[in-house]
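Per my numbering, the very first residue in the sequence shown carries number 1; after that it's consecutive.
For reference, the structure is listed below as structure tokens.
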Amino acid sequence: MTAKKLFFLMLGAMVIMMIIINLMINTSNSNADSVTEDYFTNLELEVSGTICAVEKQTDTYKYLNTLKDIKANTTDYTKPSPLGVNFCIIKGDVAIFADHHDGYKIGDTIRIGENKTDLIKCISTDGTTKFIKKRSNAMLYTVASPNKRMKQLIALGCS
Numbered sequence: 001m002t003a004k005k006l007f008f009l010m011l012g013a014m015v016i017m018m019i020i021i022n023l024m025i026n027t028s029n030s031n032a033d034s035v036t037e038d039y040f041t042n043l044e045l046e047v048s049g050t051i052c053a054v055e056k057q058t059d060t061y062k063y064l065n066t067l068k069d070i071k072a073n074t075t076d077y078t079k080p081s082p083l084g085v086n087f088c089i090i091k092g093d094v095a096i097f098a099d100h101h102d103g104y105k106i107g108d109t110i111r112i113g114e115n116k117t118d119l120i121k122c123i124s125t126d127g128t129t130k131f132i133k134k135r136s137n138a139m140l141y142t143v144a145s146p147n148k149r150m151k152q153l154i155a156l157g158c159s
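Right, dumping it as structure tokens:
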């Protein structure tokens, strides 16, 4: 076999491998997106409270928001998502939830799961709605490291 034919054979094999790897990645992302959509569509959690702390996570580009004086349909919630990460943890009258939005401020009122289309509603201290995140736009994170920090924060509560 000549060097030229060998080169084209190797080039063709590399292109085919790149296509196969790309298809595998896209299939994996589609599965995660489907799991996320199902999770938030069927999430029965209802929580409302006032933000008492916002902690930015440097490794995952998200914020852990602590709520105090909560009203919820449960007093103890630690159920992880099917991807293994927690969206929200509740213990007693404190809740913590994770989100990538950076507009949360201490004193804002948060309503999670208020209806079947809205996941998070943020109301400022003056009573105006700052934003509403739809269930269809919500994202789960596949990085599980914040789970440990959320559990630490829930133990601390609002100081």
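The beta carbon of each residue, even a glycine, is placed where N, CA and C say it ideally should be.
As the structure is a prediction and not an experimental result, all values here were calculated from the model.
Cβ neighbours of residue i in the same chain (closer than 6 Å, five flanking residues each side left out)
i: Thr-129; result: Ile-123
i: Ser-48; result: Lys-71 and Arg-111
i: Asn-73; result: Glu-46
i: Ala-138; result: Phe-40 and Leu-119
Residues near residue i in its chain [Cβ-Cβ closer than 7 Å; skip 5 each side]
i: Lys-91; result: Asp-76 and Ile-154
i: Thr-125; result: Gly-107 and Asp-108
Start and end residues, beta strand (DSSP E) containing residue i
i: Leu-64; result: 62 to 72
i: Lys-79; result: Note, Lys-79: premise wrong, no beta strand (DSSP E); not H, not E.
i: Ala-53; result: 47 to 57
i: Thr-129; result: 129 to 134
Environment of residue i [buried if 16+ CB atoms lie within 10 Å]
i: Leu-156; result: exposed
i: Ile-106; result: exposed
i: Phe-8; result: exposed
i: Pro-82; result: exposed
i: Lys-62; result: buried
i: Leu-64; result: buried
i: Met-150; result: buried
i: Thr-66; result: buried
i: Ile-21; result: exposed
i: Leu-140; result: buried
Cβ neighbours of residue i in the same chain (closer than 8 Å, five flanking residues each side left out)
i: Cys-88; result: Leu-45, Val-47, Tyr-77, Ala-95, Ile-96, Phe-97, Ala-98 and Ile-112
i: Leu-43; result: Phe-87, Gly-113, Leu-119 and Arg-135
i: Pro-80; result: Asn-86 and Asn-147
i: Cys-158; result: Cys-52, Ala-53, Thr-66, Lys-68 and Val-94
If you pair each beta-carbon of the segment 133 to 140 with each one of the segment 106 to 122, do three or more pairs fall below 8 Å?
-> yes
Going along the chain, which unbroken runs of the beta strand (DSSP E) with 3 or more residues stay wholly within the segment 87 to 119?
-> 88 to 91, 94 to 99 and 109 to 112
Between the segment 33 to 51 and the segment 7 to 17, are three or more C-beta pairs nearer than 8 Å?
-> no
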